[in-house]
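Number of protein chains: 2
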Amino acid sequence: MEEVGFAHFSAREVAKRIGYSIGTIYNVFGSYDALILAINGRTLALWRDYLERRLEQSQGDRLGHAIEAYFEFAAKHRHAWAAIYDFRLPEDLSPPETYQAQVRAIFDIVVAEVRAALPASRKGEAEALTRSLLATVHGHCVFAMNGTFAMLGEREPARAVLDRVREAVAP
Amino acid sequence: MEEVGFAHFSAREVAKRIGYSIGTIYNVFGSYDALILAINGRTLALWRDYLERRLEQSQGDRLGHAIEAYFEFAAKHRHAWAAIYDFRLPEDLSPPETYQAQVRAIFDIVVAEVRAALPASRKGEAEALTRSLLATVHGHCVFAMNGTFAMLGEREPARAVLDRVREAVAP
DNA sequence: TAAAATAATTGAACGCCGATCAATTATGCG
DNA sequence: CGCATAATTGATCGGCGTTCAATTATTTTA
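Chains as they are written, first to last, in my numbering: chain G, 1 to 171; chain P, 1001 to 1171.
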């Protein structure tokens, strides 16, 4: 996935590379979708690790570093990161609970940082604000990675989104 | 595309439905990618029309209505809208100039609204701010459509993003 | 109008894909 | 060892994007 991206990824190629047959892939994962979900789950775990490590190193401006971590991870793992959003389960299904838990784990890390950055009087907004700020950062990251920002002349996406986040968190 | 979505879309099915053979599709469009680009270009045109019509009807709170238009169009044309972002050209290619022009045309419409909403002292920021706000709205729309917001308990994505936009435009 | 030149259309063929499953091979156990 | 259970295989299927020689339709020319 990391190498070829979601569009050119194939279960057959996975089987070839690990020295098993296509049948074994299906015995282990059950379906193509489940294989993708397993890979995306692993990417989420890597993402969370990356974010946590980046915050450990941080001394001040933790929110700024969290945003940098978002952009850095997406850039370092373009294809794997994009696959998380390129893949969509059939409309009537929800991701497995373990997958949802991984999304929430990343969310919880960011909530803590947003809450810490908020003045005491606004800490109650932390969760709702974090959902909105994650979407904000994500939107900027998507436009940075897919060329939309380049098309529109934006050269400092991370700087732009940091402005948005500071506005929203400012007392 | 509108019906089956990017993942299940196929040039063969297009040929079948319009009563031509697969070969003719390739004679006309040249490649699968070019066919997708033609469809996405058409979607951009529809999107622009929708936005313009929605703004014509608007009496006050034009930015709010532009955001509503973003969400409404994405919801009404889920698959076609998603296909704009699901499709990625080979990394070394840029979209054709006509396609880029359509993206900029939508951008220009929004710039005018953002500029009008900004106080005189900040009108110089209009373009940069619009890029950032488009990304912000897009991020919220993506999370609304792909289930991320549902997973995190967000029930009013349009309301949340309106708060972000108002913060950013406020004098 | 008839013949020739040009344009448009076709669909079989290729290699790849996800998915299935009867047949085979490997493993563990009494 | 013999047997039961588990793991693995890959041929097979229908569908995909892509190509291109062959065919059909249209236009131009004589």
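Each residue gets a CB set at the ideal place from its N, CA and C atoms; glycine is no exception.
{"Check": "Contact check, V165 of chain G vs L129 of chain G, beta carbons under 7 Å", "Outcome": "no"}
{"Check": "Buried/exposed call for A34 of chain G, threshold 16 Cβ in 10 Å", "Outcome": "exposed"}
{"Check": "Residues near H1065 of chain P in its chain [Cβ-Cβ closer than 6 Å; skip 5 each side]", "Outcome": "R1054 and S1058"}
{"Check": "Reference A1038 of chain P; option with closest CA among P:F1143, P:L1089 and P:Y1050", "Outcome": "P:L1089"}
{"Check": "Whole-angstrom distance between D86 of chain G and A7 of chain G, CA atom to CA atom", "Outcome": "9 Å"}
{"Check": "At least 3 beta-carbon pairs within less than 8 Å: the segment 1117-1124 of chain P vs the segment 138-147 of chain G", "Outcome": "no"}
{"Check": "Member of P:A1045, P:A1170 and P:A1011 whose CA lies at the smallest distance from the CA of R1115 of chain P", "Outcome": "P:A1170"}
{"Check": "Supposed close pair A82 of chain G, N40 of chain G - CB separation, criterion 8 Å", "Outcome": "With 8 Å as the limit, A82 of chain G and N40 of chain G do not qualify as a contact, their Cβ atoms being about 10 Å apart."}
{"Check": "Inter-residue Cα distance where the pair is E1097 of chain P and V1103 of chain P", "Outcome": "10 Å"}
{"Check": "Complete alpha helix (DSSP H) runs within the segment 96-121 of chain G (minimum length 4 residues, chain order)", "Outcome": "97-117"}
{"Check": "Partners in chain G for H1140 of chain P, counting only beta-carbon separations shorter than 8 Å", "Outcome": "S132, A135, T136 and G139"}
{"Check": "DSSP three-state assignment for M1001 of chain P, whether helix, strand or coil", "Outcome": "coil"}
{"Check": "Reference H1077 of chain P; option with closest CA among P:Y1026, P:S1010 and P:L1044", "Outcome": "P:L1044"}
{"Check": "Residue interval of the alpha helix (DSSP H) (run including D49 of chain G)", "Outcome": "Y32 to Q57"}
{"Check": "Exposure label - A144 of chain G; buried when at least 16 CB within 10 Å", "Outcome": "buried"}
{"Check": "Under 8 Å from the C-beta of L44 of chain G: neighbouring residues of chain P", "Outcome": "Correct list: empty, because the minimum Cβ distance to chain P is about 12 Å."}
{"Check": "R159 of chain G (DSSP reduced to helix, strand or coil)", "Outcome": "helix"}
{"Check": "Local Cβ density within 10 Å of V28 of chain G, reported as buried at 16 or more and exposed below that", "Outcome": "exposed"}
{"Check": "8 Å contact criterion, which R131 of chain G and F1149 of chain P should meet: CB distance rounded", "Outcome": "6 Å"}
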